[in-house]
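These notes concern the structure reproduced below.
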Amino acid sequence: MNGRRTVEDRVVDTVNYVLLSIIAFLTLYPFYYVLIASFNEGADTARGGLYLLPREFTLDNYSYFFQDPKWIKAFGVTVLRTLIGTTLSVLFTSLVAYGLARKDLIFRKVYFLVAIVAMNVSGGLIAYYVVLKSLGLLNTFGVYVIPSMLSLFFLLIAISFFQEIPPELGESARIDGASELRIFGSIVLPVSLPLLATMGLFLGSQQWNAWLDSAYFVQNDSLRTITYRMMEVINQTMISANTSANAAQFTAQLQVTQFSVQVTAMVISIFPIMCVYPFLQKYFVQGMMLGSVKG
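If you read the sequence shown in the numbering used here, its first letter stands for residue 108, the second for the next number, and so on.
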């Protein structure tokens, strides 16, 4: 096969690069605009014409959030629920999947049937509320992490992944007297980094962005999450914008506009996840291929 590139190849590559550049710009620019708007004075942003850099640089938008103790507490609660909830979800889901991956497990098909039914049938919000109340999880930090410990979607993916691990690894350890828990922790988990990283990224994003459980199942104001606070502020600014008197009072109190408050809340809520993503990207790409190739 001739390795020289033809004119048609160069034309196709050029068209691909142009199309990908347009798609990348349309995808990334809204995030960039939100970022520069959060560092620009609200009144100046409202005049329009803000495209590339902040015209009137200010940190007042962020000062509004971080001078408020409620936001500091909400940030701490969100970080804790993300770290604890993600760790528990990844470990517990992996442990259950490791057991279900064993083909000699008793009632294995029954467990699969229960998992499939649970994935497709929901009891609804009221039934879920009653279950949480009977377990004593309402208005506690546990409501953020305990119900989400088992991810059924990643359970099926993890089962497929663990079945691809050569059984000889576990058998040799069993001959040496290792327990199943020791084999899981010392052999299975270290060779499952792409799976664990992918699960961690997805489940961590879910934990960080979740706000319905904070709104429906928590009344203690000190347990509110940062995404709930963000929705609270956005709703407050939208209500204020409906009446000119309230809008003027709101703006005077905050020295920012409703729009600048909203975009700043968005940046605060997505910034930590965007910082973590580059470090997990190489595992994330490998993890997305899990289960897509069958032998």
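For every residue, glycine included, the Cβ atom is placed at its ideal position computed from N, Cα and C.
As the structure is a computational prediction, the values presented were derived from the model and not from experiment.
With 16 other Cβ atoms within 10 Å as the buried cut-off, status of residue i
i: R331; result: buried
i: L244; result: buried
i: F378; result: exposed
i: P301; result: buried
i: Y335; result: buried
i: V122; result: exposed
i: Y205; result: buried
i: A372; result: buried
i: S376; result: buried
i: Q326; result: exposed
i: F386; result: exposed
i: C382; result: exposed
i: Q314; result: buried
i: S367; result: buried
i: S258; result: buried
i: A181; result: buried
i: V250; result: buried
i: M226; result: exposed
i: A317; result: buried
Residue-level contact to chain B via CB, residue i, 8 Å cutoff
i: L310; result: Among the protein chains of the structure shown there is no chain B, as only one such chain exists.
For residue j and residue i, the rounded distance between their alpha carbons
i: Y169; j: V119; result: 46 Å
i: D283; j: R209; result: 19 Å
i: G254; j: F248; result: One detail in the question is off: residue 254 reads as Pro in this sequence, not Gly. The straight-line gap from Cα to Cα measures roughly 11 Å.
i: V197; j: S312; result: 13 Å
i: V141; j: G149; result: 12 Å
i: M337; j: E287; result: 44 Å
i: R112; j: L126; result: 20 Å
i: L202; j: F260; result: 14 Å
i: R289; j: Y136; result: 48 Å
i: S279; j: I294; result: 11 Å
i: G277; j: L262; result: 20 Å
i: Y323; j: G231; result: 13 Å
i: R215; j: F268; result: 17 Å
i: L207; j: T189; result: 26 Å
i: Q174; j: G183; result: 14 Å
i: I242; j: I223; result: Sequence inspection shows Leu at residue 242; the Ile mentioned does not correspond to that position. Their Cα atoms are separated by approximately 24 Å.
i: Y72; j: A234; result: With the chain running from 108 to 402 in the structure shown, residue 72 is simply not present.
i: Y218; j: Q365; result: 51 Å
i: T200; j: A285; result: 22 Å
Where residue i falls: helix, strand or coil (DSSP)
i: N327; result: coil
i: N147; result: strand
i: F248; result: coil
i: F172; result: helix
i: F214; result: coil
Delimiting residues of the alpha helix (DSSP H) encompassing residue i
i: V295; result: Run containing V295: none; DSSP gives neither H nor E here.
i: E275; result: 274 to 282
i: R209; result: Looking at the DSSP string, R209 is not in any alpha helix (DSSP H), and its letter there is neither H nor E.
i: S241; result: 231 to 241
i: A265; result: 259 to 270
i: T290; result: Note on residue identity: the sequence assigns Ile, not Thr, to residue 290. I290 -> alpha helix (DSSP H) spans 287 to 290.
Any non-hydrogen atom of the ligand SAH closer than 7 Å to residue i Cβ
i: Y236; result: Within the structure as shown, the ligand SAH is missing, as the structure has no ligands at all.
Expected contact under 8 Å - CB spacing of residue i and residue j to nearest Å
i: V252; j: I272; result: Actually they do not touch by this definition, with Cβ atoms about 28 Å apart.
i: S145; j: V340; result: Actually they do not touch by this definition, with Cβ atoms about 13 Å apart.
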